[in-house]
Amino acid sequence: MGKLVLYLAVSVDGYLADEQGGVGWLGGDGSEPENFGSYPAFYETVEVILMGWSTYHQIVTALSPDSWPYEGRPCYVVTHRSEPDREGITFWNRPITELAGKLKEEHKGNIWICGGASVAGQLLKEDCIDQLWLSIIPTVLGKGVRLFPELSQELPLKLVGTERYNGIVDLVYERR
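Just so you know, the sequence shown maps onto residues 1 to 176 in full-length UniProt numbering.
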């Protein structure tokens, strides 16, 4: 059975993006600019990718408009829109819990929730996420897109791993 992993970068004060949705602030402190930390090894464990429409739209219009960065890995985009599927990309407009169950059942490796806040919040609320892997970027934004804007209950976690590189600290949690 696959494991649903929320692997995201956040500012020290808990934001995924600035007020305009920008992520130009992502990156470390410059002390080890060629060190990509945990990402390359984590990505090797990823069997399938799950994201919301806003994350997908940002990737194809701003971050990587000329090429799909996740070629070779199936991707599911959670959306209320009725979009035709594309090669390697399935647009999902049914309940997110149904998708989470389907992916966990069909895959053995990690299912990477790569964004965004709405998808993460819905999956946390429904107790679907197995592991939270947060890369804390050494930047304070003050405002922007919060990671968990609407979480209405406590979520007890257990720290299972840490890593430090280029001024970034990765915190890996599982649910208690």
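Backbone N, C-alpha and C fix where the C-beta goes; we use that ideal spot for every residue, glycine too.
For residue i, which of the options has the nearest alpha-carbon?
| i | options | result |
| --- | --- | --- |
| G28 | V140, S118, A41 | V140 |
| R81 | R94, P74, G72 | R94 |
| G88 | I137, G72, E163 | G72 |
| G52 | F91, R146, Y165, R164 | F91 |
| V78 | A62, Q122, T61, L155 | Q122 |
| N166 | L8, L26, P33, A9 | P33 |
| residue 177 | F42, E83, Q58 | With the chain running from 1 to 176 in the structure shown, residue 177 is simply not present. |
| I168 | Q153, V160, G37 | G37 |
| L124 | Q153, H107, A41 | Q153 |
For residue i, which residues of its own chain have a beta-carbon under 7 Å away from its beta-carbon, when the five flanking residues on both sides are left out?
| i | result |
| --- | --- |
| C128 | L4, T97, A100 |
| E150 | G121 |
| G161 | V172 |
| E83 | F91 |
Who are the near neighbours of residue i in its chain, counting only those whose CB is closer than 8 Å to its CB and skipping five residues on each side?
| i | result |
| --- | --- |
| L157 | L132, Y173, E174, R175, R176 |
| G54 | In the sequence as displayed, the identity of residue 54 is Ser instead of Gly. Once the five neighbours on either side are set aside, the close Cβ partners of S54 are G21, G115, G116, S118. |
| L103 | G2, L4, V48, L50, Y76, I111 |
| V12 | I136, I137, P138, T139, V140 |
| R146 | G14, Y15, L16, A117 |
| E126 | I96, T97, A100 |
| V10 | L16, L134, S135, I136, I137, L147 |
| D85 | F91 |
| R164 | D170 |
Name the DSSP beta bridge partners of residue i, please?
| i | result |
| --- | --- |
| E174 | Q131, K158 |
| V169 | I136, R164 |
| K3 | N110 |
| A9 | S135 |
| Y76 | L50, T90 |
| V145 | A17 |
Closer than 6 Å by C-beta to residue i: which residues in its own chain qualify, once you throw out the five before and the five after it? Chain order, please.
| i | result |
| --- | --- |
| L6 | I113, A120, I129, L132 |
| Y56 | V77 |
- Can you list the alpha helix (DSSP H) stretches of 4 or more residues lying completely in the segment 79-117, in chain order? Within the segment 79-117, the complete alpha helix (DSSP H) runs of at least 4 residues are 96-106.
- Query: Does the count of Cβ pairs from the segment 67-86 and the segment 127-145 closer than 8 Å reach three?
  - Reply: Flag = no, the segment 67-86 and the segment 127-145 do not touch.
Legend entry - Three or more C-beta pairs below 8 Å linking the segment 103-113 and the segment 27-46: yes
Inset, instruction - Go through the segment 15-57 residue by residue and report every complete run of the beta strand (DSSP E) that reaches 3 residues or more, in order. - result: 15-17, 46-52
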